[in-house]
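Chemist: Those protein sequences? They're chains A and B, same order as listed.
Okay, so the first sequence: first residue is 7 according to the numbering used here, each after it adds one.
Okay, so the second sequence: first residue is 25 according to the numbering used here, each after it adds one.
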Amino acid sequence: MTRFVPAIILILLLSLWAFGVNPITGCEIIARGAFGGEIGLSRTLVAMTPLLLTGLGMVIAWRAGMYNIGGEGQYIIGGLMGASVAKLHFGGPGVILLSTGLGGAFYGALAGWLQVKRGVHAAISTILLNFIALQILAWAVTGPLQAPGTTASQTATLEPGQMLAKWSNRTDLHSGVLLAVLLSFAVWMLLSYTSFGFHLRLTGENPLAARAAMLNADRIRVQAIALSGGLCGLAGGVQFLGTSGVIDVGFNQQWGFLGIPVALLGGLNALGALASSFLFGALMAGTQSLSRSVLGGDLLIFVIQGAAVLTFLAMRKRERGNA
Amino acid sequence: MLDLLRFAAPVAFASLGETVGQRAGVLNIGLEGMMLSGAYAGMLATRQTGNPWVGILAGVVAAVLVGLLQLIFVLKLEADQVVAGTAINLLALGVTSASYRKIFGESGELLSIPSISNSALIGFMVLSVPMLTWLLFKTRWGLALRAAGEYPDAVQASGFSVVKLRLQACLIGAAYAGLAGAHLSIVNAASFQEELTKGRGFIAIAMVTFGRFNPAWAFVASVVIGGAEMLQYRLQAQSIQAPPQLFLALPYVFALLVLVFVGKGGRAPGALGIPYRKEQ
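1) To be precise: take each residue of the segment 251-281 of chain B, compare its Cβ to all Cβ atoms of chain A, and keep it if any distance is under 8 angstroms. Which residues remain?
2) Report the rounded CA-to-CA distance for alanine 13 of chain A versus alanine 65 of chain B, giving the unit in angstroms.
3) In whole angstroms, give me the CA-to-CA distance for glycine 43 of chain A and leucine 170 of chain A.
4) Using a Cβ-Cβ cut-off of 9 angstroms, state whether glycine 202 of chain B counts as contacting chain A.
5) By the criterion of Cβ-Cβ separation under 8 angstroms, what are the contact partners of phenylalanine 97 of chain B in chain A?
6) Between the beta-carbon of isoleucine 137 of chain B and the beta-carbon of serine 209 of chain B, is there less than 9 angstroms?
7) For glycine 109 of chain B and leucine 196 of chain A, what's the separation of their Cα atoms in angstroms?
8) Output yes or no for whether 9 angstroms exceeds the beta carbon distance between arginine 164 of chain B and alanine 48 of chain B.
9) Is aspartate 104 of chain B helix, strand or coil when you go by DSSP?
10) From lysine 100 of chain B to glycine 88 of chain A, what distance separates their C-alpha atoms?
11) Could you check what DSSP says for arginine 322 of chain A in three-state terms: helix, strand or coil?
12) According to the Cβ coordinates, are alanine 40 of chain A and leucine 289 of chain A closer than 9 angstroms?
13) Is DSSP giving lysine 162 of chain B helix, strand or coil here?
14) Can you find a C-beta in chain A that's less than 9 angstroms from the C-beta of phenylalanine 226 of chain B?
15) Would the segment 191-209 of chain B count as touching the segment 91-106 of chain B if we require 3 or more Cβ pairs under 8 angstroms?
16) Rounded to whole angstroms, what is the Cα-Cα separation between leucine 316 of chain A and alanine 111 of chain B?
17) Quick one: complete beta strand (DSSP E) runs, 3+ long, within the segment 126-201 of chain A?
18) Closer than 9 angstroms, Cβ to any Cβ of chain B: which residues of the segment 249-274 of chain A, in chain order?
19) Determine the closest residue to leucine 94 of chain A out of A:Ala158, A:Gln168 and A:Pro267, with distance taken between C-alpha atoms.
20) Grab me the residues of alanine 276 of chain A's own chain with a C-beta within less than 7 angstroms of its C-beta, minus the 5 sequence neighbours each way, in chain order.
21) Decide yes or no for the touch test of the segment 211-219 of chain A against the segment 93-107 of chain A: beta carbon pairs closer than 8 angstroms, at least 3 of them.
22) Is glutamine 141 of chain A close to chain B? Criterion is C-beta to C-beta, closer than 9 angstroms.
23) Output, in chain order, the set of chain B residues within a Cβ distance shorter than 9 angstroms of glutamine 311 of chain A.
24) Which residue comes first and which comes last in the alpha helix (DSSP H) that contains proline 293 of chain B?
25) Write down the C-beta distance between glycine 239 of chain A and glutamine 80 of chain A rounded to the nearest angstrom, noting that I regard them as a contact closer than 8 angstroms.
26) Does DSSP put alanine 329 of chain A in a helix, in a strand, or in coil?
27) If I measure Cβ to Cβ from alanine 193 of chain B and keep anything under 6 angstroms in the same chain, skipping five residues before and after, which residues do I get?
28) Tell me which residues share the same chain as leucine 195 of chain B and place their Cβ nearer than 8 angstroms to its Cβ, disregarding the 5 neighbours each side in the sequence.
29) Roughly how many whole angstroms lie between the Cα atoms of glycine 243 of chain A and glycine 84 of chain A?
30) When you compare only the Cα positions, how much space is there between phenylalanine 31 of chain B and leucine 114 of chain B?
31) Does the pairing of the segment 272-282 of chain B with the segment 242-250 of chain B give three or more beta-carbon distances under 8 angstroms?
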């Protein structure tokens, strides 16, 4: 992870320059937006949370050899499931969060099932499922989940008792941050120290060996992508319960996609994802500040992430070559 | 009929090119990004010069350049094809959207550019079917290319270069992706918006599987998708009592169902998606 930091800073400088922004001024704005006092830091942590959760989801799925590119769809379905449960006034934030995880897990498992039973490559099915989820979202917020008595395309605002706890009134920092960090340790333990984690990694790295060990690789793959989808759904839930309190058509914000670079640069390791999500969270908070003075500045994050993944691929090749 | 072909053209062009690439053993997940780059460059060039044909050319050039970038990683650095393609998609989405917003503002005002009567492009698309079929199945080069997708070691051993064959196949694929994107922005939309391609690249990949890695069938499958898209507009126009999102989701649901039912039945090239590493 730390090896990539200089590369990412270089990419950042280059893309600022290509974007017609003075790199020094740009970096200053970004740094202030990401770390400037209590407010900046809390913005970084809030942006880090969904990145970390979707990133952890990608770590689990990709380690098992399932190319889950459907974080976006699982995030949406999770959020919508949460909104449905919230509408029923069934319970507090815990119950709603659980339902978001289950919603995402279901959507992930669907893609997993399609791959093992019908031979549909997950990289393709999950993307098609993303687009279907987007339409479900647009339908839900103008139909069954629309806030009653309004014409706005969004769900009803959550009641204060349904939202995640906040630390202070001055910042947006919510308890979902803590949950995500704890989960990254949990995923790390799961993959490194349990037999399920070992079987999962074996299935991804050497399917033949897994079969020789009489493992049910298909089942492990479906379980992995279901867990992965669950974490992405939870990301949707944390975003819903932690920040906005409503879901509208722009709910997804590409969090699911951005989890992929987070996982890859974290070396497909849960603790690595923790570090890289902090880095990208800071970049995100910073480029949001930048977009106030430069139109489209917040979109730089995609450019930086795409370039960072390519750098990662190039560096890995070089290391493989030297070995 | 011409209407139908026009609706189908973006997916059809993309899937025709992707068939060639997949036959050579490369799964191009970055197809969407290449189309998007082609669409954006095509729109920009048309707007600058007022000549849509220059725009089409610019779209092809842009997609080929993006393709080259991806191929450096896929072929030279032997990177995972899905990872490299995903990075290319992120990059293309970021660059086109950021630059679009910077130049045209966030207001989303409807941008309009000169369009063309597209019979020449449609003609080229239809002609591409026998042309690519001939290239793939009747030439020595085509035989070597398909072998590179089935059993690359054998091709290398018989004196061909797998990397070169895959490079050629993928550049054809990228050029077609550019054509697909430029057709979308210049002919279909006569405009551009962020993420204009909306997953058509992935639909095209699904159509290649559905078409059993055969240009003619991939083309037929793409026309069916074009039909689904046209149907969606017709049904909406008739204001049937159903949520419009149902129709908007139709092409994706169709593509997914196709994969579910064709599934393992489709005869995929043996080495599809596996990076080729030369034996030392």
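Ideal Cβ placement from N, Cα and C applies to all residues, glycine included.
These numbers come from a predicted model, not from an experiment.
Modeler: Reading from the atomic positions:
1) Taking 8 angstroms as the Cβ-Cβ cut-off against chain A, the residues of the segment 251-281 of chain B that qualify are Pro267, Gln269, Leu270, Leu272, Ala273, Tyr276, Val277, Ala279 and Leu280.
2) Within the first sequence, the letter at position 7 stands for residue 13 of chain A. Within the second sequence, the letter at position 41 stands for residue 65 of chain B. Distance between the alpha carbons of alanine 13 of chain A and alanine 65 of chain B is about 28 angstroms.
3) Locating residue 43 of chain A in the first sequence gives position 37, counting from the first residue. Locating residue 170 of chain A in the first sequence gives position 164, counting from the first residue. For glycine 43 of chain A and leucine 170 of chain A, the gap between their C-alpha atoms comes out near 23 angstroms.
4) What you label residue 202 of chain B is simply residue 178 of the second sequence in a count that begins at 1. Glycine 202 of chain B has a beta carbon lying at 9 angstroms or more from every beta carbon in chain A.
5) Position 73 of the second sequence holds residue 97 of chain B. Think of a sphere of 8 angstroms around the beta carbon of phenylalanine 97 of chain B: the chain A residues whose beta carbon falls inside it are Leu316, Leu319 and Ala320, in chain order.
6) By 1-based counting over the second sequence, the position of residue 137 of chain B is 113. By 1-based counting over the second sequence, the position of residue 209 of chain B is 185. Result yes, Cβ atoms of isoleucine 137 of chain B and serine 209 of chain B sit closer than 9 angstroms.
7) Position 85 of the second sequence, counted from the start, is the residue given in the question as residue 109 of chain B. Position 190 of the first sequence, counted from the start, is the residue given in the question as residue 196 of chain A. When rounded, the distance between both Cα atoms is 29 angstroms.
8) Within the second sequence, the letter at position 140 stands for residue 164 of chain B. Within the second sequence, the letter at position 24 stands for residue 48 of chain B. No. Outside cutoff.
9) Start at 1 with the first residue of the second sequence, and residue 104 of chain B comes out as number 80. In this structure, aspartate 104 of chain B counts as coil in the three-state DSSP scheme.
10) Numbered from its first residue, the second sequence carries residue 100 of chain B at position 76. Numbered from its first residue, the first sequence carries residue 88 of chain A at position 82. Roughly 46 angstroms between the two C-alpha positions.
11) As a position in the first sequence, residue 322 of chain A is number 316, starting the count at 1. Under the three-state reduction of DSSP output, arginine 322 of chain A falls in the helix class.
12) On the first sequence, position 34 is the one that residue 40 of chain A refers to. On the first sequence, position 283 is the one that residue 289 of chain A refers to. Yes; because the gap between Cβ atoms is below 9 angstroms, this pair is in contact.
13) In the second sequence, the residue the question calls residue 162 of chain B occupies position 138. Here lysine 162 of chain B sits in helix by DSSP.
14) Residue mapping note: residue 226 of chain B aligns to position 202 of the second sequence, counting from 1. Using beta-carbon distances, phenylalanine 226 of chain B counts as an interface residue toward chain A, with a partner under 9 angstroms.
15) Touching, yes.
16) Translated into the one-based positions of the first sequence, residue 316 of chain A becomes position 310. Translated into the one-based positions of the second sequence, residue 111 of chain B becomes position 87. If I take the Cα positions, the gap works out to 6 angstroms.
17) With a minimum length of 3 residues, no continuous beta strand (DSSP E) run stays inside the segment 126-201 of chain A.
18) Within the segment 249-274 of chain A, the residues whose Cβ lies closer than 9 angstroms to some Cβ of chain B are Gln260, Phe263, Leu264, Ile266, Pro267 and Leu270, listed in chain order.
19) As a working note, residue 94 of chain A is residue 88 in the first sequence. Nearest to leucine 94 of chain A by C-alpha distance, out of A:Ala158, A:Gln168 and A:Pro267, is A:Gln168.
20) Residue numbering aside, residue 276 of chain A sits at position 270 when the first sequence is read from its first letter. Correct list, in chain order: Leu62, Val65, Ser190, Val193, Trp194 and Leu197.
21) Between the segment 211-219 of chain A and the segment 93-107 of chain A there are fewer than three C-beta pairs closer than 8 angstroms, too few to call the two in contact.
22) For the purposes of this step, residue 141 of chain A is identified with residue 135 of the first sequence, where counting begins at 1. Yes, because at least one Cβ of chain B sits closer than 9 angstroms to the Cβ of glutamine 141 of chain A.
23) Numbered from its first residue, the first sequence carries residue 311 of chain A at position 305. Ordered by position in chain B, the residues that pass the 9 angstroms Cβ test against glutamine 311 of chain A are Ala111, Leu114, Leu115 and Gly118.
24) Position 269 of the second sequence, counted from the start, is the residue given in the question as residue 293 of chain B. Per DSSP, proline 293 of chain B belongs to no alpha helix (DSSP H) and is neither H nor E.
25) Working through the first sequence from its first residue, we reach residue 239 of chain A at position 233. Working through the first sequence from its first residue, we reach residue 80 of chain A at position 74. With a Cβ gap of about 5 angstroms, glycine 239 of chain A and glutamine 80 of chain A count as contacting.
26) Position 323 of the first sequence holds residue 329 of chain A. Reliability of the predicted coordinates at alanine 329 of chain A is poor, the pLDDT of 43 falling under 50, and no value is obtained from them.
27) Counting from one through the second sequence, the residue named residue 193 of chain B turns up at place 169. Its chain contains Val44, Gly45, Ala48 and Leu169 as the residues whose beta carbon lies nearer than 6 angstroms to that of alanine 193 of chain B, once the 5 sequence neighbours on both sides are disregarded; these appear in chain order.
28) Residue 195 of chain B sits at position 171 when you count from the first residue of the second sequence. Its chain contains Val88, Gly91, Leu92 and Leu95 as the residues whose beta carbon lies nearer than 8 angstroms to that of leucine 195 of chain B, once the 5 sequence neighbours on both sides are disregarded; these appear in chain order.
29) Numbered from 1 along the first sequence, position 237 holds the residue referred to as residue 243 of chain A. Numbered from 1 along the first sequence, position 78 holds the residue referred to as residue 84 of chain A. Glycine 243 of chain A and glycine 84 of chain A have their alpha carbons spaced roughly 6 angstroms apart.
30) Taking the second sequence and counting its residues from 1, the one referred to as residue 31 of chain B is at position 7. Taking the second sequence and counting its residues from 1, the one referred to as residue 114 of chain B is at position 90. Our two residues, phenylalanine 31 of chain B and leucine 114 of chain B, have alpha carbons roughly 26 angstroms apart in a direct line.
31) Output reads yes: the segment 242-250 of chain B touches the segment 272-282 of chain B.
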